[in-house]
Amino acid sequence: MTTEALPDMTGKTVLITGATSGIGLEAAVMLAGAGARLIIVGRNVAKTGIVLAEVAQRSESKHINSMLCDFASQAAIHRLADQFIARHQRLDILINNAGTVNAHRRLTEDGVETTFAVNHLGYFLLTNLLLDRIKASAPARIVNVASQAHYQGTLDLNDPGFEHGYRIMHAYRRSKLANVLFTRELARRLEGSDVTVNAVHPGVVATHIWDGAPRWTQPIFAVTKKFFMISPEAGAKTIVYLAASPEVEGKSGLYFENNQPKEPSRLARDEALGETLWIESERLTHFPSP
Ligand SMILES: NC(=O)c1ccc[n+]([C@@H]2O[C@H](COP(=O)([O-])OP(=O)(O)OC[C@H]3O[C@@H](n4cnc5c(N)ncnc54)[C@H](OP(=O)(O)O)[C@@H]3O)[C@@H](O)[C@H]2O)c1
């Protein structure tokens, strides 16, 4: 499916996180251009306002709104979900895309390692808080932006936040493995609901995500971006494909690369691990009781 062939999304309400940069921004332009009633989520008021205007101008859509949330804060995620439910009757497509890397181990205000908190618990908590609205809008879709980095990911649930042996890539890979485990476990729980959930690797994309890597690696990223990475627009097409294509209708619990389902890592396929991660994520987010 090409962007040109994007199905008409008029009347579909779509919420996309991490829409102020990179892949999420380009996906927002495509989805709005296809007629979706779009809500972009950013974390910075000024930047989100500028991006809202850019998306409106590039897509020529009048049906775009913005909301704010720092996914490093569980209170902020609750506020986002509450505001969304108060303002919108439907949620046809939720795209969990906001992601981060952190050179140094930092804890969020909730006491969780930041990469795990934003990249995994952010997806977990927002999705669960909006799940009733998504189910009521069925047929509906959830897209979790994961990564091929999950293939090298490990998960020690006794130390999910790397109190011992923190490394930037170890933390990122773990969070992306958690995205795939979460996707599969959620799909299992949603069986029979007409809500699908899939994970996607968008490609190796020239975006700002590696700006948080150590300074000495920046020249390497600059060269890699120029010669080896795909554009944010190309990366966005893989997300939009899962969000909108009739080809994925009814498919759930899958991991996609290049618009094709692909077997995820052995750990990602470990159902017991997926279930344990779910329980641990409930504990860390105090879900369902806030
Ligand atoms: N680039 C790649 O090669 C690649 C490969 C595989 C998977 N991915 C995944 O693609 C997704 C998008 O990343 P990208 O490459 O487009 O990177 P990006 O250009 O850095 O965009 C990341 C987005 O996430 C937002 N974000 C980061 N931390 C946040 C927080 N605490 N609260 C709220 N929003 C936050 C950023 O907001 P600001 O604009 O305010 O910074 C931005 O909108 C991520 O999930 C990433 O893991 C990327």
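Residue numbering for the sequence shown is 25 to 314, as defined by my numbering. Ideal placement from N, C-alpha and C gives every residue a C-beta, glycine not left out. Treat the numbers as computed from the prediction; the structure is a model and nothing was measured.
Whole-Å CB distance - residue i paired with residue j, under 8 Å assumed
i: residue 88; j: residue 80; result: 5 Å
i: residue 292; j: residue 214; result: Contact flag wrong, Cβ pair sits at about 18 Å.
i: residue 267; j: residue 125; result: Going by Cβ atoms, the distance from residue 267 to residue 125 rounds to 24 Å, so no, they are not a contact pair.
i: residue 117; j: residue 38; result: 4 Å
i: residue 264; j: residue 55; result: 6 Å
i: residue 162; j: residue 218; result: 4 Å
i: residue 85; j: residue 132; result: Wrong, their Cβ atoms sit about 34 Å apart, outside the cutoff.
i: residue 153; j: residue 112; result: Actually they do not touch by this definition, with Cβ atoms about 13 Å apart.
i: residue 91; j: residue 76; result: So it is not a contact: roughly 10 Å between Cβ atoms.
i: residue 72; j: residue 44; result: 6 Å
i: residue 185; j: residue 137; result: 3 Å
i: residue 30; j: residue 179; result: So it is not a contact: roughly 36 Å between Cβ atoms.
i: residue 256; j: residue 46; result: 5 Å
Residue nearest to residue i in terms of C-alpha spacing, selected from the options
i: residue 209; options: 197, 196, 198, 223; result: 223
i: residue 51; options: 69, 82, 203; result: 82
i: residue 115; options: 156, 100, 92; result: 156
i: residue 241; options: 193, 301, 95, 285; result: 193
i: residue 212; options: 60, 175, 278; result: 278
i: residue 249; options: 267, 258, 228; result: 228
i: residue 147; options: 297, 35, 42; result: 42
i: residue 176; options: 290, 295, 56, 301; result: 290
i: residue 247; options: 231, 171, 261; result: 231
i: residue 142; options: 86, 181, 202; result: 202
i: residue 280; options: 91, 135, 234, 170; result: 170
i: residue 139; options: 198, 108, 183, 103; result: 198
i: residue 58; options: 225, 36, 93; result: 36
i: residue 172; options: 286, 101, 84; result: 286
i: residue 164; options: 94, 255, 275; result: 275
i: residue 226; options: 191, 105, 119, 32; result: 119
i: residue 144; options: 180, 100, 33, 200; result: 200
i: residue 262; options: 168, 152, 308, 174; result: 168
i: residue 48; options: 207, 260, 304; result: 260
i: residue 306; options: 40, 110, 76, 151; result: 151
i: residue 299; options: 239, 90, 207; result: 207
i: residue 273; options: 302, 166, 301; result: 166
i: residue 190; options: 129, 149, 159, 134; result: 129
i: residue 253; options: 233, 239, 67; result: 233
Coarse secondary structure for residue i, derived from DSSP in three states
i: residue 152; result: helix
i: residue 84; result: coil
i: residue 37; result: strand
i: residue 95; result: coil
i: residue 90; result: strand
i: residue 279; result: strand
i: residue 76; result: helix
i: residue 229; result: strand
i: residue 299; result: helix
i: residue 43; result: coil
i: residue 133; result: coil
i: residue 31; result: coil
i: residue 26; result: Any reading at residue 26 must be qualified, since the residue scores a pLDDT of 46, below 50, and its modelled position is unreliable; the value itself is stated next. Three-state result, residue 26: coil.
i: residue 309; result: helix
Endpoints, alpha helix (DSSP H) assigned at residue i
i: residue 247; result: 242 to 252
i: residue 259; result: 256 to 268
i: residue 291; result: Where residue 291 is concerned, there is no enclosing alpha helix (DSSP H), given that its DSSP letter is neither H nor E.
i: residue 105; result: 98 to 111
i: residue 186; result: Careful: residue 186 lies outside any alpha helix (DSSP H) and carries neither H nor E.
i: residue 50; result: 46 to 57
i: residue 200; result: 192 to 213
Bounding residues of the beta strand (DSSP E) (the contiguous stretch that carries residue i)
i: residue 63; result: 61 to 66
i: residue 118; result: 117 to 120
i: residue 164; result: 164 to 169
i: residue 225; result: 219 to 225
beta-carbon residue i near ligand 3 non-hydrogen atom, thresh 8 Å
i: residue 67; result: Ligand 3 is not part of the structure shown, which contains ligand 1 as its ligands.
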